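Chemist: Numbering (this note's numbering), first residue to last: 1329 to 1475.
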Amino acid sequence: MNQNASPLTTQAPPTDDVPEAISIQGVDRDQIRRYFETLNAGEFERTSRLFAPQGQLIPPFEEPIVGPEAIAAYLQQEARGMKLRPKRGEISATVEGREEVKISGEVETALFTVKVGWLFVLDRDGQILGVTVKLLASLAELASLRR
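(1) Near glycine 1454, what residues of its chain come up, given a Cβ to Cβ distance below 6 angstroms and the 5 sequence neighbours on each side ignored?
(2) Report yes if the C-beta distance between threonine 1366 and arginine 1357 is below 8 angstroms; otherwise report no.
(3) To the nearest angstrom, report how far apart phenylalanine 1389 and lysine 1462 are at their CA atoms.
(4) So who's on the other strand from glutamate 1436, going by DSSP bridges?
(5) Taking isoleucine 1393 and glutamine 1384 to be in contact with their CB atoms under 8 angstroms, please state how far apart those CB atoms are, rounded to whole angstroms.
(6) Give me the Cα-Cα distance between asparagine 1368 and glycine 1409, rounded to the nearest whole angstrom.
(7) Tell me which residues share the same chain as glycine 1510 and place their Cβ nearer than 6 angstroms to its Cβ, disregarding the 5 neighbours each side in the sequence.
(8) With C-beta atoms as the reference, is isoleucine 1386 less than 8 angstroms away from threonine 1460?
Now the structure itself:
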């Protein structure tokens, strides 16, 4: 896989205050856009503040990380150097004031790029109640990552 090519954005020189802008086809929710922008910029405290007090980050193959402080600590340890490349999404049903938003895209690391899906649950105020991250790679693709 080509680790350097990204069909979504061109790389602008990094700035101290403004994360790289993210655009997601089919989704226009500010909290979701800011999630990707701050995470890509390594601003994990800012990312964690997008979550509700009992908000959850559910990474692949791991238990839920609950609360902004725990989420910031987890991202600091696990997400350094990752670039999330959301491509498209859809807003699904709103139930009891909660909105579900499905996003598909890729996560790029120093070693590989993998297809990923994110399921966001937002409250009526736009705070993130949960983000579930799922690997969308095939078994063959996952096996090749171990080599």
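For every residue, glycine included, the Cβ atom is placed at its ideal position computed from N, Cα and C. Please read these numbers as outputs of a predicted model, since none were measured by experiment.
Modeler: Per the coordinate set shown:
(1) Gln1359
(2) no
(3) 9 angstroms
(4) For glutamate 1436, the beta-bridge partners assigned by DSSP are Lys1411 and Thr1441.
(5) 7 angstroms
(6) When rounded, the distance between both Cα atoms is 8 angstroms.
(7) Residue 1510 cannot be examined here, being either before or after the span of the chain that is shown, 1329 to 1475.
(8) Yes, these two residues count as a Cβ contact at 8 angstroms.
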